[in-house]
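Undergrad: The sequence shown lines up with residues -20 to -1, 1 to 47 when you count with mature numbering (1 follows the signal peptide of the UniProt record, and there is no 0). Where a beta carbon is used, it is the ideal one built from N, C-alpha and C, also for glycine. Given the structure is predicted, the values throughout are model-derived calculations rather than measurements.
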Amino acid sequence: MDFMCIIALFALITAQCVRAVPPNFVLLFADDLGYGDLGCFGHPSSLTPNLDRLAANGLRFTDFYVT
């Protein structure tokens, strides 16, 4: 009986630890937008403050190939 209580307690604790907030994903698709056309990638005259903030707080993929 004690062994079953320990197993049940372990299962409840593990279930609470595993439950986490899922990550958020935002995919941006744009037609005819080049790698260097955004301010976050170094374009000198493009003003894209919202996209720059997303890039600063998120993950930027810089190595990719298009066929």
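By a C-beta neighbour count over all protein chains shown, 10 Å radius and 16 as the cutoff for buried, is leucine 7 buried or exposed?
TA: Exposed.
Undergrad: Return yes when the Cβ of leucine 18 is within less than 8 Å of the Cβ of leucine 34, no when it is not.
TA: It is not a contact, given that the beta carbons lie outside the stated cut-off.
Undergrad: Measure the Cβ-Cβ separation of tyrosine 15 and phenylalanine 21 and say whether it is below 8 Å.
TA: Against a cut-off of 8 Å, the Cβ pair of phenylalanine 21 and tyrosine 15 comes out as a contact.
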